[in-house]
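Q: Chains as they are written, first to last, in this note's numbering: chain A, -15 to 592; chain B, -15 to 592.
Shown next as structure tokens:
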């Protein structure tokens, strides 16, 4: 049967017996629905006169006779019987907000799981003697039956009821009644979306009713004091007291971010009603206080992959009494909730054409596919992309060379326009790309000696020096560098980068093999994360970090994981999608692939 | 349709379409059922060959073909179609335990809401890579789908699974999976039932699997430092910080009782998995940290009457991580969960004949009725029955005169066989009863002068003295009393007792009026609470505290409220009954009765 929605003009097919709401959701037509399709909220009213089953009792209750005469129906109750033309009136359309960085999804429908309900509770009498909760329950009616009061809300109830003289604002989060305030309630309902990175932790404070961002705060992950990378933190967590120390550190950090972000807009931590959390599987486990030890040894399994809905209180977060926290689900031991966030924000799971998303850090997580099938894997890239473990490597901070250009000689740019102190990951990729182009590096990764460059390159030849058994290439001379030290890249540094890029590239190749698609089939490449944002796509191609996809648009999308956390904070539907993504997405364990070593050896070479 | 259960021989009527389990529950035939009638646990197997609807899919899954051939059915699935003869085999009968004090219910069916499930979780492989929770969920199958893991249980999961090499014990409380332990799990599953009295707090530590009591601990309610009685504590709770101080005091007390009771049997607080709590409405509110302020002024309503299921953690109780607490429901502002406990333990709500239960303290709560209708009320008796606010009153402790006999002269008994220091409540009732019998007191409550006693009573006459404007009766002379002080009762003391007994008696009379029954209709009188337990029934009758019920058995039942808390701890069904009692029982607000003053004035007189 054909269903056509106006005024959007979206047309789709439906089965007899489906509700109009089901059809609309599938077709991407956004219709308001508060009660989840139970027929109690009356928000999903649409106009349609033909092709539907009889008007139900619930519709008779929600719609006046005059409305029914005009063809009004509840989309959640009306069953398809034939072709239908549906008009979705203005008031039933969901508002859409655009919260995402450029290159990401076009906006999401605001469908908050934290909601405000305003109520007027009549006073009880000596004859009736209703307890406060019963009086409120009666005033709330059938809609309220879906919510379970938290202890915190019950504690607020008597004050709110008397202070508001019966007028109260009820704030619900999912099935919980979490907060009761007198009168209209707080000016804003706010929540915070957390992205717990191994290195950096970010909190995005959002207005839950308007979808507007309010403030952002970020900090270095204080767990770094127990280990720079995921593997060393897993090891530390297995020592006595280690897990609790790591959990305590991240909880303290999140509390600091809440305090900072709320202070910036004149609010307090106790105004924050909800939070979402993304992070890699280890970060999620450590935040929850669940041991990640099993992730470090075969078969590399997490304790839990499901999304978890928890009380802020049991996690130790300083938020509103009764506040709820939703931790996004993980896909596997080494593909975590951060990747779910990336997939949510990039809409990779919904696209008709094949796309690739890569989040590059110490571990590279990548996903390839479309709405048909999505496959992910993770490879241990090592620290080279983060500028660590290199002779002159450093983080992308002031004084880090982040851009290099080679013509007759080397020119570079350092962050903060400061004297250079080292090279960061994106600078190294740029440098190696340029060295390859200039013939200073062979595709095998061998640093050439000066003679190989020919005559016209005097300036470059003096930068190639032999230091003991190793050859080096000088990027900045001592006179240029901070503290009078030269910035150079060694043959060993190049090999480190080769291992890192080889791991990422091999992952991509295996995903392509698994999906049985070629380079030409990939239409979009999302580069997520700080590194993906700063790297020059042409340099990434030049060193062969990613293959040359002739049909693909390459999109640096910034902190897509964090964007996913925001979407889950603002929308029940996006949250459900996150769980669906985690369930649906396949995970390839590369250590179990017999072809991995071969693909990896090939991927080490510098060619695109 | 006629349904007959064997081997018990219980026969009952049923409607077509009812399940055998529903019929059995109504008839009091105890059939095992773990899944709550969902057809998944397969525990409710019975044998019946005629009069039932067709075998369902769920039954085919739970019963082998051989069993079905023998007539085995699941009681929760088999629908009545005609007369049925049902055999309940041994393995499907619930075990019964007797935990109650004499005079109370005959025993309850063990039906714990905290249960142990043993599971063998196969190890996962590199190919399969199931996360721990998913592996456990698959091994648990359909039964496990009913349970939601707590964060605490997820934290225990990786350790338990690896330490037990896949063999784990899962402990569930209601719908929550609260604890996971390696191997067979803890030796005992223990819980604690609390009775929070205004004056005394008691904890009963129980084995949840056998129903056996393990230890009892008790303490003075430390809230007494903020006020002796309920009204003064409500007032204190309204001061800044007052509610939190009262909550903190009782939580600390309960934690001390847990520590004491567990230590006695070689356990620790973290072994305690569940708790139930009874107390009057104010005590329940203070324990939950909910303001009871509205109880002190018209219309005298609580914030919440419902039973509440909460995490021990959010209440601040030191118990097992993930442990659950169930607070029994309240009936009204001045008839609380303690009365629900009394009704549960006395089975008043289930009896065919009319019974009366009275719990006497500073407030007297009483309930009258049968399974047809049950009405309660509360009267402010004042502190006389607790020995307070009397010239020589004291608590029932060493040195308190608790029994008095008057013949030619006065003889008395003091607790602990110690020199008397005062009179406790039951001693005062005894004393006044004897003084009435001896003619020292007139039925109006007037203390007679010596002349009225006549000649044969020299010994008694010298005990009646005039002290200023007031007459006194000396019970023990200075030579007998501790510290050389006389123990006496004054005219004012007698008036205090009159007010107290008048309040109780008036409540009873109003309940009788409300129910439209006479003294002769009442078949059982339960005297609950410490005072009810120590008082001599004949003295209570002599002073007219309770009317003379010619047909009634008078049963002192001790701490029936605490017995109710134990029952709710051991049985889901008793817990459901508690909620049903709270819902069903009517509450009479005496301040709203125009006839109260008249009845009260009559009730002040000393005649039975």
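The beta carbon of each residue, even a glycine, is placed where N, CA and C say it ideally should be.
1. Can you tell me whether residue 190/B is helix, strand or coil according to DSSP?
2. Answer yes or no: does any C-beta atom of chain A fall closer than 7 Å to that of residue 87/B?
3. Between which two residues does the beta strand (DSSP E) containing residue 295/B stretch?
4. Taking the alpha helix (DSSP H) that residue 323/B falls in, what are its first and last residues?
5. Straight-line CA distance for residue 476/A to residue 454/A?
6. Would you kindly work out how many angstroms separate the C-alpha atoms of residue 62/B and residue 557/A, rounded to a whole number?
7. Quick check: residue 485/A and residue 519/A, are their CB atoms within less than 7 Å of each other?
8. For the stretch 323 to 339 of chain B and the stretch 298 to 311 of chain B, state whether three or more C-beta atom pairs, one from each stretch, are separated by less than 8 Å.
9. Between the C-alpha atoms of residue 617/B and residue 140/B, what's the straight-line distance to the nearest angstrom?
10. Between which two residues does the beta strand (DSSP E) carrying residue -3/A extend?
11. Output, in sequence order along the chain, the residues in the stretch 315 to 342 of chain A whose CB is closer than 9 Å to any CB in chain B.
12. Compare the beta carbon distance of residue 237/A and residue 203/A with 7 Å and say whether it is the shorter of the two.
13. If you measure from the beta carbon of residue 164/B to each beta carbon in chain A, is any gap under 7 Å?
14. For residue 82/A, name the three-state secondary structure that DSSP assigns.
15. What does residue 284/B touch in chain A if you count any residue whose Cβ is under 8 Å from its own?
16. Residue 261/A and residue 192/A - do their beta-carbons sit closer together than 7 Å?
17. Mind checking which residues open and close the beta strand (DSSP E) that includes residue 210/A?
18. Could you check whether the Cβ of residue 452/B sits closer than 7 Å to any Cβ belonging to chain A?
19. Taking the DSSP output, what are the residues bridged to residue 350/B?
20. Does the distance from the C-beta atom of residue 31/B to that of residue 55/B stay below 7 Å?
21. For residue 174/A, I'd like the list of residues in its chain whose CB is within less than 7 Å of its CB, leaving aside the five on either flank, ordered along the chain.
22. Taking 6 Å as the cut-off, is the beta-carbon of residue 298/B closer than that to any non-hydrogen atom of the ligand NAD?
23. Looking at the unbroken beta strand (DSSP E) that takes in residue 555/B, where does it start and where does it end?
24. Name, in chain order, the residues that DSSP records as bridge partners for residue 156/A.
25. Can you pull the chain B residues whose beta carbon is under 8 Å from the beta carbon of residue 142/A, in chain order?
26. Going by DSSP in three states, residue 133/A sits in which element: helix, strand or coil?
27. Anything in chain A within Cβ reach of residue 124/B, meaning under 7 Å, just list it in chain order.
28. If you compare alpha carbons, which of 415/B, 150/B, 423/B and 114/B is closest to residue 289/A?
29. Jot down the residue ranges of each uninterrupted alpha helix (DSSP H) in the stretch 457 to 510 of chain B, minimum 4 residues, whole runs only, in chain order.
30. Across the stretch 459 to 478 of chain A and the stretch 545 to 554 of chain A, are there enough close Cβ pairs to call them in contact, namely three or more that are closer than 8 Å?
31. Looking only at its chain, what residues have a beta carbon closer than 8 Å to the beta carbon of residue 579/B, apart from the 5 residues adjacent to it on each side?
32. Taking only beta-carbon atoms, is residue 139/B less than 7 Å away from chain A?
33. For the structure I just gave you, are there three or more beta carbon pairs, one from the stretch 535 to 542 of chain B and one from the stretch 505 to 524 of chain B, closer than 8 Å?
34. Identify every residue that forms a DSSP beta bridge with residue 537/A.
35. Report the residue from 272/A, 287/A and 33/A whose alpha carbon sits nearest the alpha carbon of residue 108/B.
36. Between residue 145/A and residue 116/A, is the Cβ-Cβ spacing less than 7 Å?
A: Result, derived from the coordinates:
1. On the second chain, residue 190/B is found 206 positions in, with the first residue counted as 1. Residue state, collapsed to three classes: strand.
2. Position 103 of the second chain, counted from the start, is the residue given in the question as residue 87/B. In this prediction, residue 87/B has a pLDDT of 43, which is less than 50 and means its spatial position is unreliable; what the coordinates show is noted afterwards. Judged by the 7 Å Cβ criterion, residue 87/B is not in contact with chain A.
3. Position 311 of the second chain holds residue 295/B. Start and end: 292 to 295.
4. The sequence position of residue 323/B within the second chain is 339, counting from 1. Its alpha helix (DSSP H) spans residues 321 to 330.
5. In the first chain, the residue the question calls residue 476/A occupies position 492. In the first chain, the residue the question calls residue 454/A occupies position 470. Each residue's Cα considered, the two are about 8 Å apart.
6. The residue you call residue 62/B lines up with position 78 of the second chain. The residue you call residue 557/A lines up with position 573 of the first chain. Rounded to whole angstroms, residue 62/B and residue 557/A show a C-alpha spacing of 40 Å.
7. On the first chain, residue 485/A is found 501 positions in, with the first residue counted as 1. On the first chain, residue 519/A is found 535 positions in, with the first residue counted as 1. The Cβ-Cβ distance between residue 485/A and residue 519/A does not fall below 7 Å.
8. no
9. The structure shown has nothing for residue 617/B, since chain B only spans -15 to 592.
10. Here residue -3/A refers to the residue found at position 13 when the first chain is read from its first residue. Segment -6 to -3, the beta strand (DSSP E) holding residue -3/A.
11. 316 and 317
12. Against the first chain, residue 237/A aligns to sequence position 253. Against the first chain, residue 203/A aligns to sequence position 219. Closer than 7 Å, so yes.
13. On the second chain, position 180 is the one that residue 164/B refers to. Residue 164/B does not count as touching chain A.
14. Counting from one through the first chain, the residue named residue 82/A turns up at place 98. With a pLDDT of only 44 at residue 82/A, under the threshold of 50, the placement of this residue in the model should not be trusted; the figure read from the coordinates follows. Residue 82/A: coil per DSSP, three-state reduction.
15. Translated into positions along the second chain, residue 284/B becomes position 300. Near residue 284/B (Cβ distances below 8 Å), the residues of chain A are 110 and 113.
16. Taking the first chain and counting its residues from 1, the one referred to as residue 192/A is at position 208. Taking the first chain and counting its residues from 1, the one referred to as residue 261/A is at position 277. No, these two residues do not count as a Cβ contact at 7 Å.
17. In the first chain, the residue the question calls residue 210/A occupies position 226. Where residue 210/A is concerned, there is no enclosing beta strand (DSSP E), given that its DSSP letter is neither H nor E.
18. For the purposes of this step, residue 452/B is taken as residue 468 along the second chain, with counting starting at 1. Not closer than 7 Å to any Cβ of chain A, the Cβ of residue 452/B fails to qualify, so no.
19. Locating residue 350/B in the second chain gives position 366, where the first residue counts as 1. 342/B and 361/B, per the DSSP bridge assignment.
20. As a first step, residue 31/B is located in the second chain; it is residue number 47 there, counting from the start. As a first step, residue 55/B is located in the second chain; it is residue number 71 there, counting from the start. Yes. Within cutoff.
21. As a first step, residue 174/A is located in the first chain; it is residue number 190 there, counting from the start. The answer, listed in chain order, is 189, 190, 191, 192, 198, 251, 255, 256 and 257.
22. As for the ligand NAD, it is missing from this structure, which has no ligand bound.
23. Here residue 555/B is taken as the residue at index 571 of the second chain, counted from 1. No beta strand (DSSP E) holds residue 555/B; DSSP gives it neither H nor E.
24. Your numbering for residue 156/A matches position 172 in the first chain. Its beta-bridge partners are 99/A and 161/A.
25. Here residue 142/A is taken as the residue at index 158 of the first chain, counted from 1. Ordered by position in chain B, the residues that pass the 8 Å Cβ test against residue 142/A are 274, 275, 277, 278 and 287.
26. The residue given as residue 133/A occupies position 149 in the first chain. If DSSP states are grouped into helix, strand and coil, residue 133/A belongs with the strands.
27. Your numbering for residue 124/B matches position 140 in the second chain. Residues of chain A passing the Cβ test: none, with the nearest at roughly 15 Å.
28. To locate residue 289/A, count along the first chain from 1; it is residue 305. Of the candidates 415/B, 150/B, 423/B and 114/B, the one whose C-alpha sits nearest the C-alpha of residue 289/A is 114/B.
29. 475 to 499
30. no
31. For the purposes of this step, residue 579/B is identified with residue 595 of the second chain, where counting begins at 1. 494 and 497.
32. Counted from its first residue, the second chain places residue 139/B at position 155. Yes, residue 139/B counts as interfacial toward chain A.
33. yes
34. By one-based count along the first chain, residue 537/A stands at place 553. In the DSSP output, where bridge partners are listed per residue, residue 537/A has 508/A.
35. Start at 1 with the first residue of the second chain, and residue 108/B comes out as number 124. Of 272/A, 287/A and 33/A, the residue nearest in Cα terms is 287/A.
36. On the first chain, residue 145/A is found 161 positions in, with the first residue counted as 1. On the first chain, residue 116/A is found 132 positions in, with the first residue counted as 1. In this structure, residue 116/A lies closer than 7 Å to residue 145/A by Cβ.
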